[in-house]
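Q: For reference, the structure I am asking about is given below.
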Ligand SMILES: Nc1ncnc2c1ncn2[C@@H]1O[C@H](COP(=O)(O)OP(=O)(O)O)[C@@H](O)[C@H]1O
Ligand code: SF4
Ligand SMILES: [Mg+2]
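In my numbering, the protein residues as written are 9 to 344.
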């Protein structure tokens, strides 16, 4: 059989039917005494999307919607319960591709909300940034490594002399720059940012977002960018996936999502952002809270909060069709 032909604009990341459950049951003895069943939480329940090389795909949604769980499965930190992630065609789960996957690993790096937690506080920054270069044996000789670390610090807007400092001597924004320099040190081409700016002041957030965009232009990086805040992804994302209780409810181009949101949940999220201009459509007030994921509502999980819910919404899970998972949208009964 012929090998599959990969065209130049083939997806860089392909995610299919991705699922992850967590057993959150009480200990066995408690369950026996209290006669409670096992409790399974569906954190991610059938997520599919693709990311093209060089683009930024953003995942947004309220806390608890499953964004971090998707991110951890994409980078291979957490095994999926079902489905698969393929990056440049290499499966993140298939045991037969373990060798290719090991080679791919250093090209994929994650940036977390709190970079301090992943840095050895007793190491100077130059050692922190050099660590992947040494671990993967990318450059030989101390002088060459020092030179490369200086280049990387400059690339992220720091000074080569900053390498002599310790992480605690930096501000939160500067530490995030160090984290990005360290990610680039391993010659990463795909960065997964899980709320990378959420802990920063608004003005510092903007600086880090600008840096990430600038690096993307210069280095051709591909991003999966995760945020609970739609305003943050607005100027970052080529495409956006909106998550609700473990499912993607809408996927659209960034511009389309902001100018013509379709899913009622997307509209509600947008209406919660004060500085995004209304386009004359009916405002959906933010109401209700995200339900308990251990016992989610039947049918469309958004139905208790949705002003357009009808009987079908309480029994039938809507499929993602043409980028929208909503019965009212398919039935053309949503106001424009
Ligand atoms: N290791 C875990 N064990 C049990 N439940 C988890 C675990 N990780 C995440 N969850 C649950 O899965 C759901 C999704 O979590 P998460 O992916 O962190 O969402 P988000 O990043 O969108 O806030 C939440 O209900 C969370 O409590
Ligand atoms: S499927 Fe029904 S409950 Fe869910 S978002 Fe659409 S109209 Fe609302
Ligand atoms: Mg999270």
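Backbone N, C-alpha and C fix where the C-beta goes; we use that ideal spot for every residue, glycine too.
With a 10 Å radius around its C-beta and 16 neighbouring C-beta atoms as the bar for buried, classify residue 341 as buried or exposed.
A: exposed
Q: Tell me which same chain residues have a C-beta within less than 6 Å of the C-beta of residue 50, skipping the five on either side of it?
A: 29, 254
Q: Report the rounded CA-to-CA distance for residue 326 versus residue 65, giving the unit in angstroms.
A: Inter-residue distance for residue 326 and residue 65 is about 23 Å (C-alpha atoms, whole angstroms).
Q: Within the chosen definition, does the segment 78-86 reach the segment 262-269 through at least 3 CB pairs nearer than 8 Å?
A: no
Q: Note down, in chain order, each residue of its chain lying with its Cβ closer than 8 Å to the Cβ of residue 329, except the 5 sequence neighbours on either side.
A: 338
Q: If we count the other Cβ atoms within 10 Å of its Cβ and call it buried at 16 or more, is residue 281 buried or exposed?
A: exposed
Q: How do the segment 226-234 and the segment 55-73 stand: do at least 3 beta-carbon pairs fall below 8 Å, yes or no?
A: Touching, yes, given that three or more Cβ pairs across the two stretches are closer than 8 Å.
Q: Is it true that the segment 109-117 meets the segment 193-213, where meeting means three or more beta-carbon pairs spaced less than 8 Å apart?
A: yes
Q: Compare the Cα-Cα distances from residue 165 to each of 302, 183, 123, 248 and report the closest residue.
A: 183
Q: Would you kindly work out how many angstroms separate the C-alpha atoms of residue 56 and residue 26, rounded to a whole number?
A: 6 Å
Q: Among 207, 148, 134, which residue has its Cα nearest to the Cα of residue 167?
A: 134
Q: Say whether the segment 293-304 touches the segment 240-258, bearing in mind that this needs 3 or more beta-carbon pairs closer than 8 Å, one atom from each stretch.
A: yes
Q: With the cut-off set at 7 Å, would you say residue 181 and residue 216 are in Cβ contact?
A: yes
Q: Can you name the start and end residues of the beta strand (DSSP E) that residue 117 belongs to?
A: 116-119
Q: Where residue 150 and residue 157 are concerned, what is the direct C-alpha to C-alpha distance, given to the nearest angstrom?
A: Going from the Cα of residue 150 to the Cα of residue 157 covers about 10 Å.
Q: Work out the CA separation of residue 54 and residue 21 for me, nearest whole Å.
A: Rounded to the nearest angstrom, the two C-alpha atoms are 16 Å apart.
Q: For residue 174, which residues in the same chain have their Cβ closer than 8 Å to its Cβ, ignoring the five residues on either side in sequence?
A: Only 129, 130, 131, 132, 133 meet the Cβ criterion.
Q: Tell me whether the beta-carbon of residue 121 lies closer than 7 Å to the beta-carbon of residue 203.
A: Contact flag set, yes.
Q: Going by beta-carbon coordinates alone, are residue 187 and residue 123 separated by less than 7 Å?
A: In contact: residue 187 and residue 123 (Cβ atoms closer than 7 Å).
Q: Helix, strand or coil for residue 307 per DSSP?
A: coil
Q: Would you list the residues sitting across from residue 66 in a DSSP beta bridge?
A: 233, 248
Q: Considering Cα atoms alone, identify which of 70, 241, 138 is closest to residue 220.
A: 241
Q: Write down the C-beta distance between residue 236 and residue 71 rounded to the nearest angstrom, noting that I regard them as a contact closer than 8 Å.
A: The Cβ separation is near 6 Å, so the contact holds.
Q: Say yes only if the C-beta of residue 272 is nearer than 6 Å to one or more non-hydrogen atoms of ligand 2, and no if none qualify.
A: yes
Q: Check this for me: beta carbons of residue 93 and residue 107, under 7 Å apart or not?
A: no
Q: CA-CA distance, residue 142 and residue 300?
A: Computed Cα separation, rounded: 45 Å.
Q: At a Cβ threshold of 7 Å, is residue 62 touching chain C?
A: Of the protein chains in this structure there is only one, and it is not chain C.
Q: Please classify residue 333: does DSSP put it in a helix, a strand, or coil?
A: coil
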